[in-house]
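So the structure is just underneath, and the comments pick up after that.
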Amino acid sequence: MAGIFSFTCSCCGEVHEGSPSFGFKAPDPWLSQPDEIKEQGKISDDLCYYTDEDGTHYFARVIIEIPIHGVTDPFMWGVWVSLSEQSFNHYVETWDEPDTSKGYFGWFCSALPHYESTHSLSTDVNPQSEGSRPTLCLHETEHELYYDFINGISIEKAQKIAELCMHG
6 MAGIFSFTCS
16 CCGEVHEGSP
26 SFGFKAPDPW
36 LSQPDEIKEQ
46 GKISDDLCYY
56 TDEDGTHYFA
66 RVIIEIPIHG
76 VTDPFMWGVW
86 VSLSEQSFNH
96 YVETWDEPDT
106 SKGYFGWFCS
116 ALPHYESTHS
126 LSTDVNPQSE
136 GSRPTLCLHE
146 TEHELYYDFI
156 NGISIEKAQK
166 IAELCMHG
């Protein structure tokens with residue numbers, strides 16, 4: 006491994022060091038809800054739920070790591086997944102002492118820059134110990150994000166995505 010990821014940004018000319026890490030403050034379905042629905046729901050840095058005409062929807066913030074070829078640390082995304090009520094409740098109940106032996110099925114609920122729609126990709130959510138956010142494992146699918154998750158990305162692609170995130 007080459008160690009630390011760094012690049013000179015083609016947009017701003019600055020040198021950026023360290024593997025890219027970007028997160029989303031809310032699940033996309035939450036963002037599209039009217040204020041009255043949001044006021045009855047709840048969102049924090051890690052958990053979210055709301056009730057609409059379709060029922061109650063539950064979400065957790067997780068980490069998905071994409072390896073970067075030749076670099077020690079991965080490209081990290083802080084994304085949201087939807088969980089069933091049972092999985093959400095178990096996750097909350099075991100918050101202080103995560104049950105790392107039990108994973109949860111979830112649906113991807115964040116739109117990632119560069120990739121075609123990532124909504125509703127099926128995932129497994131794996132709780133982590135010591136206060137770390139759960140990690141995400143994508144189910145096999147014909148999607149560029151799954152391919153990158155399994156095979157990693159080039160330094161050039163990591164730079165391209167990072168620049169898109171930082172500068173639109």
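Per the numbering used here, residue 6 is the first one in the sequence shown, and the count goes up by one each step. Heads up, the beta-carbon is just placed ideally off N, CA and C, and yes, glycines get one too.
Status (buried if at least 16 other CB within 10 Å, exposed otherwise) for residue i
{"i": "E58", "result": "exposed"}
{"i": "G111", "result": "buried"}
{"i": "Q164", "result": "buried"}
{"i": "C114", "result": "buried"}
{"i": "V130", "result": "buried"}
{"i": "V20", "result": "exposed"}
{"i": "P139", "result": "buried"}
{"i": "C17", "result": "exposed"}
{"i": "P132", "result": "buried"}
{"i": "S37", "result": "exposed"}
Cβ-Cβ separation, residue j to residue i (assumed contact under 8 Å), whole Å
{"i": "V86", "j": "A65", "result": "6 Å"}
{"i": "I69", "j": "F10", "result": "Going by Cβ atoms, the distance from I69 to F10 rounds to 17 Å, so no, they are not a contact pair."}
{"i": "I166", "j": "H119", "result": "5 Å"}
{"i": "G83", "j": "F12", "result": "Contact doesn't hold; Cβ gap of about 21 Å is too wide."}
{"i": "P34", "j": "H62", "result": "6 Å"}
Min CB distance residue i to chain C below 8 Å
{"i": "T105", "result": "Protein chains in the displayed structure number just one, and chain C is not present."}
N-terminal and C-terminal residue of the alpha helix (DSSP H) that residue i is part of
{"i": "L126", "result": "Premise fails: L126 is in no alpha helix (DSSP H) and is neither H nor E."}
{"i": "L169", "result": "160-172"}
Extent of the continuous beta strand (DSSP E) run through residue i
{"i": "E22", "result": "20-22"}
{"i": "L117", "result": "Neither: L117 is in no beta strand (DSSP E) and is coded neither H nor E."}
{"i": "V12", "result": "This sequence places Phe at residue 12; Val is not what is there. Here the beta strand (DSSP E) through F12 covers 11-13."}
Beta-carbon gap between residue i and residue j smaller than 8 Å
{"i": "L88", "j": "Y109", "result": "yes"}
{"i": "V67", "j": "L150", "result": "no"}
{"i": "T105", "j": "S134", "result": "yes"}
{"i": "A31", "j": "I42", "result": "no"}
{"i": "F80", "j": "C170", "result": "no"}
{"i": "H144", "j": "T123", "result": "no"}
* To do: Output the residue ranges of the beta strand (DSSP E) runs that lie fully inside the segment 27-114 and measure 3 residues or longer, sorted by chain position.
  => 52-57, 60-71, 80-88, 109-113
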